[in-house]
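Asker: Quick note on numbering: full-length UniProt numbering labels position 339 of the sequence shown as 339, and the sequence is numbered without any gaps.
Positions of the beta carbon are idealized from the N, C-alpha and C atoms, including for glycine.
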Amino acid sequence: MTTSFHPPVRTLMGPGPSDVSPRVLAAMARPTIGHLDPEFIRMMDEVKAMLKTFFKTDNELTMPISAPGSAGMEACFVNLIEPGDKVIVCQNGVFGGRMKENVVRFGGECILVEDEWGTAISVEKVKAAFAAHDNIKALAFVHAETSTGVRSDAKALCKIAQDNNALSIVDAVTSLGGVELDVDGWGIDAIYSGTQKCLSCPPGISPVSFSDKAVDVVKNRKTPVPSWFLDTNLVMGYWGGGGKRAYHHTAPVNSLYALHESLVMLEEEGLENAWARHQKHHLALRAGLEAMGIGFLVDEADRLPQLNSVYIPEGVDDAAVRAALLKNYNLEIGAGLGALAGKVWRIGLMGSAATQRNVMLCLDALENTLA
Ligand code: PLP
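Okay, here's the thing in structure tokens:
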């Protein structure tokens with residue numbers, strides 16, 4: 001007879017999901033109510049209001065998509081890109097590649113601007129790409145590349161898009177809640193995130209926000225949005241304002257309790273304090289790793305505090321060390337991806353996992369395992 005599943009209690013210091021606080025898990029276990037219950041709708045309005053605060057936006061179209069970050073990404077492209085549209089996509093890691101796939105699948109023409117994995121997106125290359133091509137509809141890039149631990153200059157990149165009358169589409173899956181992000185201040189037109197990184201929620205929900213300009217682009221499409229589920233015109237019938245909500249899909253009620261609780265916790269801490277906490281623990285981790293002779297892949301100025309890509313010391317068996325950390329310390333760190341597989345570890349300090357306790361645990365566990 002199959003028995004109930006009881007997962008081991010791990011410390012999650014990989015590229016996500018990150019540790020979920022007991023408060024968020026407890027919120028998730030509260031009684032399920034109807035997704036059109038007036039009390040649920042009241043909670044939805046609070047979720048929207050808090051997302052607006054943390055994205056730093058007044059965008060009316062700000063809501064959580066009932067699916068993971070990849071669906072938030074797809075929601076941006078499927079709504080904004082039509083066949084024949086030209087889109088500049090920046091790729092400096094795994095997730096820029098996924099953006100390119102989206103553009104191509106929705107019939108767009110992708111102009112790829114590539115930078116080496118582990119470096120930030122080159123603002124100069126993006127300017128050159130705009131200079132070399134007419135009628136660019138959008139610029140798409142990843143703010144925080146989880147595959148490498150690089151932060152790109154989202155403010156400067158969005159300014160280039162604006163100067164060229166193009167939309168900006170920004171991946172903030174790993175940045176929201178961990179590093180500075182200012183949707184209205186930087187003029188971002190479409191942005192998506194994920195719950196499982198610096199918001200420290202279980203995976204499976206993707207907060208998105210569209211500027212009024214982006215909403216107009218969707219409303220004036222020549223062709224219908226080719227996805228029924230992700231068509232913002234339809235989803236907003238459920239998530240829109242005014243208290244009038246119509247059934248679109250059955251919302252993941254308990255997962256939204258979790259998101260609500262994690263946003264309440266972020267409100268209590270203060271967004272800027274959360275950014276500072278990530279930076280503080282990153283610096284402590286860096287000091288400890290460097291003392292062990294372990295160096296960073298990314299230049300200091302472009303490092304994400306919440307995702308530390310560090311070189312695996314010469315002669316060390318990558319998989320064996322990660323397996324030992326899991327077995328002996330219940331500690332998960334991430335492997336390298338693509339060309340960086342076997343060369344780097346990705347050590348996450350995301351959301352609730354960005355604590356002094358975790359920094360000490362990770363340093364101690366690594367030191368003992370490598371000894
Ligand atoms: N974009 C970035 C930068 C990510 O790190 C991830 C997930 O790790 C995604 C998109 C996709 O999110 P999900 O795995 O929730 O679909």
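Quick one: what's Glu272 bridged to in DSSP?
Answerer: As a working mapping, residue 272 is identified with position 272 in the sequence shown. None, per the DSSP bridge assignment.
Asker: If you follow the alpha helix (DSSP H) that Trp239 is part of, which residue opens it and which one closes it?
Answerer: Counted from its first residue, the sequence shown places residue 239 at position 239. Element bounds for Trp239: 232–239.
Asker: For Met43, I'd like the list of residues in its chain whose CB is within less than 8 Å of its CB, leaving aside the five on either flank, ordered along the chain.
Answerer: Along the sequence shown, read from residue 1 onward, the residue named residue 43 stands at position 43. Same-chain partners within the cutoff: Leu256, Tyr257, His260.
Asker: Looking at Ala154: is its Cβ nearer than 7 Å to the Cβ of Trp186?
Answerer: The residue you call residue 154 lines up with position 154 of the sequence shown. The residue you call residue 186 lines up with position 186 of the sequence shown. Yes, the Cβ-Cβ distance between Ala154 and Trp186 is below 7 Å.
Asker: For Ile205, which residues of its own chain have a beta-carbon under 6 Å away from its beta-carbon, when the five flanking residues on both sides are left out?
Answerer: Locating residue 205 in the sequence shown gives position 205, where the first residue counts as 1. Pro64, Thr195, Ser255, Leu259, listed in sequence order.
Asker: With distances taken Cα to Cα, identify the nearest neighbour of Gln162 among Leu283, Asp37, Asp184.
Answerer: As a working mapping, residue 162 is identified with position 162 in the sequence shown. Distances from the alpha-carbon of Gln162 to those of Leu283, Asp37, Asp184 put Asp184 closest.
Asker: Can you tell me which of the three DSSP states Thr11 falls into?
Answerer: For this step, residue 11 is matched to residue 11 along the sequence shown. If DSSP states are grouped into helix, strand and coil, Thr11 belongs with the strands.
Asker: Which one or two residues does DSSP pair with Ala190 in a beta bridge?
Answerer: If you number the sequence shown from 1, residue 190 lands on position 190. Bridge partners of Ala190: Ile169, Phe210.
Asker: Quick check: does the Cβ of Ser70 come within less than 6 Å of any heavy atom belonging to ligand 1?
Answerer: Here residue 70 refers to the residue found at position 70 when the sequence shown is read from its first residue. It does: the Cβ of Ser70 is within 6 Å (strictly closer) of some heavy atom of ligand 1.
Asker: Pull up the CB-CB distance for Ala138 and Leu80, whole angstroms please, since I reckon it's below 8 Å.
Answerer: Taking the sequence shown and counting its residues from 1, the one referred to as residue 138 is at position 138. Taking the sequence shown and counting its residues from 1, the one referred to as residue 80 is at position 80. Their Cβ separation, rounded to whole angstroms, is 6 Å, which keeps Ala138 and Leu80 in contact under 8 Å.
Asker: Cutting at 7 Å between CB atoms, please list the residues of its own chain near Pro73, excluding the five before and the five after it.
Answerer: Sequence index remark: in the sequence shown, residue 73 carries index 73 (1-based). Reading the sequence as shown, one finds Met at residue 73 and not Pro. Correct list, in chain order: Arg98, Met99, Asn102, Asp171, Tyr192.
Asker: Ligand 1 and Gly96: does the residue's C-beta get closer than 6 Å to at least one heavy atom of that ligand?
Answerer: Taking the sequence shown and counting its residues from 1, one reaches residue 96 at position 96. False, no ligand heavy atom lies under 6 Å from that Cβ.
Asker: Assign Tyr311 to one of three DSSP states: helix, strand, or coil.
Answerer: Within the sequence shown, the letter at position 311 stands for residue 311. Correct three-state label for Tyr311: strand.
Asker: Three Cβ pairs or more, each shorter than 8 Å: is that satisfied between the stretch 77–91 and the stretch 299–310?
Answerer: Cβ pair count under 8 Å is below three, so no.
Asker: How about Ser211 and Asp189: do their beta carbons lie closer than 7 Å?
Answerer: As a first step, residue 211 is located in the sequence shown; it is residue number 211 there, counting from the start. As a first step, residue 189 is located in the sequence shown; it is residue number 189 there, counting from the start. It is a contact, given that the beta carbons lie within the stated cut-off.
Asker: Roughly how many angstroms lie between the CA atoms of Thr32 and His249, to the nearest whole one?
Answerer: In the sequence shown, residue 32 corresponds to position 32, counting from 1. In the sequence shown, residue 249 corresponds to position 249, counting from 1. Distance between the alpha carbons of Thr32 and His249 is about 16 Å.
Asker: Quick check: is any heavy atom of ligand 1 less than 6 Å from the C-beta of Gln351?
Answerer: Along the sequence shown, one-based indexing puts residue 351 at 351. As written in the sequence, residue 351 is Gly, which differs from the Gln given in the question. No, Cβ of Gly351 sits at least 6 Å from all heavy atoms of ligand 1.
Asker: Closer than 8 Å is the cut-off here; do at least three beta carbon pairs connect the stretch 354–367 with the stretch 285–303?
Answerer: Short answer: they touch.
Asker: Which runs of the alpha helix (DSSP H) spanning at least 4 residues fall entirely within the stretch 40–89, listed in chain order?
Answerer: 69–80
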